[in-house]
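Input: a single structure, listed below in structure tokens.
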Amino acid sequence: MAGSPQGHQEVAAGGGGPVGVLALQGDFREHVSVLRGLGAEVVTVRRPEEAAAISGLVIPGGESSVMDKLSRAFGVAEVLKRRIAEGMPVYGTCAGLIMLADRIVDGIRGQESLGGLDVAVRRNAFGGQTESFEAELSVPVLGDPPMHAIFIRAPVVAELGPGATALATLDDGTVVAVEQGNLLGTSFHPEMTADYRFHQYFLQKVAGFDNGTARSSRP
Amino acid sequence: MSESTTHQFGSSRVKRGLAEMLKGGVIMDVVTAAQARIAEDAGAVAVMALERVPADIRSQGGVARMSDPDLIEAIIAEVSIPVMAKARIGHFVEAQVLQSLGVDYIDESEVLSPADYVNHIDKWDYTVPFVCGATNLGEALRRINEGAAMVRSKGEAGTGDVSEATKHIRKIKSEIAALSSMSKDELYVAAKELQAPYDLVVEVAETGKLPVVLFTAGGVATPADAAMMMQLGADGVFVGSGIFKSGNPEKRAAAVVKATTFYDDPSVIAEVSRGLGEAMVGINVADVPAPHRLAERGW
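Going line by line, the protein sequences match chains A and B.
Just so you know, the first sequence maps onto residues 797 to 1015 in our numbering.
Just so you know, the second sequence maps onto residues 7 to 305 in our numbering.
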């Protein structure tokens, strides 16, 4: 269903379990609040058993190196990798995009990711905090109007593999939103604005996953 | 840096936003690049670069100032997590220097000797965001009114005694709760009593929280201390002297990080608290004569 521009009305998660928000560190409360506002049943995820019982996951903004360490130390990374391989929809913002990238450029020593998106992501690609910015961003798959995108010490997609599709680029061609099957990643933070079209787009994928389109395809 | 003219830098949303991303994390004081490396490896969400941790400032005495730019640059070069640095209260030139060095956050800090006993820095003037200490809600709102993009309760830095941190976070939280229960006409007097701008008082009353992220600081030395601050409603924790003044900084740092994430799970806190070696020796705040209490700096 990659790239199919459907209507973006409110869609709640179906009967396949609640939607999870990874709550190891970062602005997870904001994502929980957005998803609940869109009618989804939402749980926070810090443990393996919680990761096993969800039908979709949002990975929030925060510090990717901390999320990586904690997710491995508490066994949640292993379960999430399996769920991603099963086709579970996951949406990552900023640090979440880094967690979903198959390859990380400029990670800290020993930093790993969950992977799934066939991209290389560069951390802190714009520089330090004084280079953080807001900008209007056209996202064709979401239609008009453009999104107001907030980039905070943001990563970018440095290399787009053949499996992944760019959803949005800055004026200079830098890829800042990407999709591959049921995985979505953005360099920026829609949860800090009032424009939740990416969250709606994600919940549509969750609804499709709940209906069994992806779940039964691979053991 | 992008050349696009449509990019907006240094907005309140971007400044406050970085603090939002630090939530649920631990910010650690470091005095060398090697310590910064240990902090990053242990899971710190950011580091505070300074020449002396508060415990040493306290024991050595004298005027404490902004750190040497060489030290700050070495720490920025060593790690990829955000780097914060301290400027003296009211010392707007130290703040200009820190911004030019490319730090990610400036702490206008009572841990250093104040440079101005009347005015704090006008923090709206900067692209880099500021965090400021507060002992109560009125002080927090005055700092936000001056442009602070993040607040930390002060505690009593360099003591290893968490009691002041507890007092300040409880005070701020209870004053917020009190505002939330007031009727609209009571907020005028509340603003007067808090010595805080009316608009910010109304905003806190309506939302039930500060308009910026609230961390806690000052005296946190153990995983249980950090988890207690989180249970009391802090968004995250600063640990100053507590880590590198302890027997096993690597292990203690990682333990505090885990206890901050699993702050509501005593079994995790118990597990990470095992065998950490000696905590910093510490000083009871009651034994610190009032003129030497850092929390009383700033107003």
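Glycine included, C-beta positions come from ideal geometry on N, C-alpha and C.
Item                                                                                                                                                                                    : Value
Looking at the secondary structure, which residues open and close the alpha helix (DSSP H) in which glycine 892/A lies?                                                                 : 891-896
In terms of residue numbering, what span does the beta strand (DSSP E) encompassing arginine 905/A cover?                                                                               : Premise fails: arginine 905/A is in no beta strand (DSSP E) and is neither H nor E.
Quick one, which of Thr266/B, Ala40/B and Asn151/B has its alpha-carbon nearest alanine 140/B's?                                                                                        : Asn151/B
Against chain A, does phenylalanine 136/B count as a neighbour if the rule is that its beta carbon must be under 8 Å from one of theirs?                                                : no
Taking only runs of the beta strand (DSSP E) that begin and end inside the stretch 171-242 of chain B, which ones reach a length of at least 3 residues, in chain order?                : 219-222
Rounded to whole angstroms, what's the CA-CA distance from glutamate 840/A to threonine 267/B? Just pull it up for me.                                                                  : Per the sequence shown, the amino acid found at residue 840/A is threonine instead of glutamate. Approximately 12 Å between the Cα atoms of the pair.
Counting only runs that start and end within the stretch 134-169 of chain B, where is the alpha helix (DSSP H) found for 4 or more residues in a row?                                   : 143-151
Return the chain-ordered list of same chain residues with a C-beta closer than 6 Å to the C-beta of alanine 50/B, the five sequence neighbours on each side being excluded.             : Val32 and Met34
Could you tell me if threonine 12/B is buried or exposed, where buried requires 16 or more neighbouring beta carbons within 10 angstroms of its beta carbon?                            : exposed
Would methionine 7/B pass as an interface residue toward chain A - the criterion being a Cβ-Cβ separation below 8 Å?                                                                    : Only weak support is given to the placement of methionine 7/B: the predicted model assigns it a pLDDT of 43, under 50, and the question is left unresolved by the model.
Taking all protein chains shown into account, do 16 or more other C-beta atoms lie within 10 angstroms of the C-beta of histidine 298/B, making it buried, or fewer, making it exposed? : exposed
Establish whether the CB of glutamine 102/B and some CB of chain A are separated by less than 8 Å.                                                                                      : no
With a CB to CB cut of under 6 Å and the five nearest residues on each side skipped, what residues in its chain are close to asparagine 290/B?                                          : Asp167
Drop a sphere of 10 angstroms on the beta-carbon of threonine 213/B, count the other beta-carbons inside from all chains shown, and report buried for 16 or more, exposed for fewer.    : exposed
What is the residue span of the beta strand (DSSP E) that glutamate 1018/A lies within?                                                                                                 : There is simply no residue 1018/A to check, as chain A begins at 797 and stops at 1015 in what is shown.
Considering only their Cβ atoms, is the gap separating valine 134/B from leucine 216/B smaller than 8 Å?                                                                                : no
Less than 8 Å between CB atoms is the rule here; does valine 862/A satisfy it with respect to chain B?                                                                                  : yes
At what residues does the alpha helix (DSSP H) containing alanine 93/B begin and finish?                                                                                                : Where alanine 93/B is concerned, there is no enclosing alpha helix (DSSP H), although the beta strand (DSSP E) it sits in stretches over 89-94.
What is the residue span of the alpha helix (DSSP H) that phenylalanine 984/A lies within?                                                                                              : Per DSSP, phenylalanine 984/A belongs to no alpha helix (DSSP H) and is neither H nor E.
Reducing DSSP to helix, strand and coil, say where tyrosine 123/B ends up.                                                                                                              : coil
Would you report the Cα separation of valine 886/A and leucine 938/A, rounded to the nearest angstrom?                                                                                  : 17 Å
Buried or exposed, going by whether 16 or more other CB atoms sit within 10 Å of the CB of proline 75/B?                                                                                : exposed
What does the Cβ neighbour count give for glycine 225/B, buried or exposed, with the cut at 16 atoms within 10 Å?                                                                       : buried
Got a sec: which bits of the stretch 103-116 of chain B sit with their beta carbon under 8 Å from any beta carbon on chain A, in order along the chain?                                 : Gln105, Gly108, Val109, Asp110 and Tyr111
At the level of alpha carbons, what is the spacing between alanine 276/B and tyrosine 269/B?                                                                                            : 11 Å
Can you tell me which of the three DSSP states glycine 23/B falls into?                                                                                                                 : helix
Taking all protein chains shown into account, do 16 or more other C-beta atoms lie within 10 angstroms of the C-beta of alanine 819/A, making it buried, or fewer, making it exposed?   : buried
Name, please, each residue of chain B whose Cβ falls closer than 9 Å to the Cβ of histidine 1035/A.                                                                                     : Outside the displayed span of chain A (797 to 1015) sits residue 1035/A, for which this structure offers no information.
Just grab the DSSP bridge partners of valine 36/B for me.                                                                                                                               : Ala55/B
Between the stretch 67-93 of chain B and chain A, which residues of the former have CB atoms less than 7 Å from a CB of the latter, in chain order?                                     : Ser86, Ile87 and Pro88
What residues of chain A sit near serine 273/B, judged by a beta carbon separation below 9 Å?                                                                                           : Correct list: empty, because the minimum Cβ distance to chain A is about 11 Å.
Could you tell me whether the Cβ of glutamate 46/B comes closer than 8 Å to any Cβ of chain A?                                                                                          : yes
At a cut of 8 Å, does the stretch 861-877 of chain A reach the stretch 903-913 of chain A through at least three beta carbon pairs?                                                     : yes
Do we get a CB-CB distance below 8 Å when we pair glycine 871/A with the residues of chain B?                                                                                           : no
Measure from the alpha carbon of aspartate 47/B to the alpha carbon of each residue in Lys29/B, Ser86/B and Ala55/B, then state which is nearest.                                       : Ser86/B
Could you give the distance in angstroms between the alpha-carbon of serine 800/A and the alpha-carbon of histidine 995/A?                                                              : Because serine 800/A carries a pLDDT of 36, less than 50, the predicted location of this residue cannot be relied on, and no value is offered for it.
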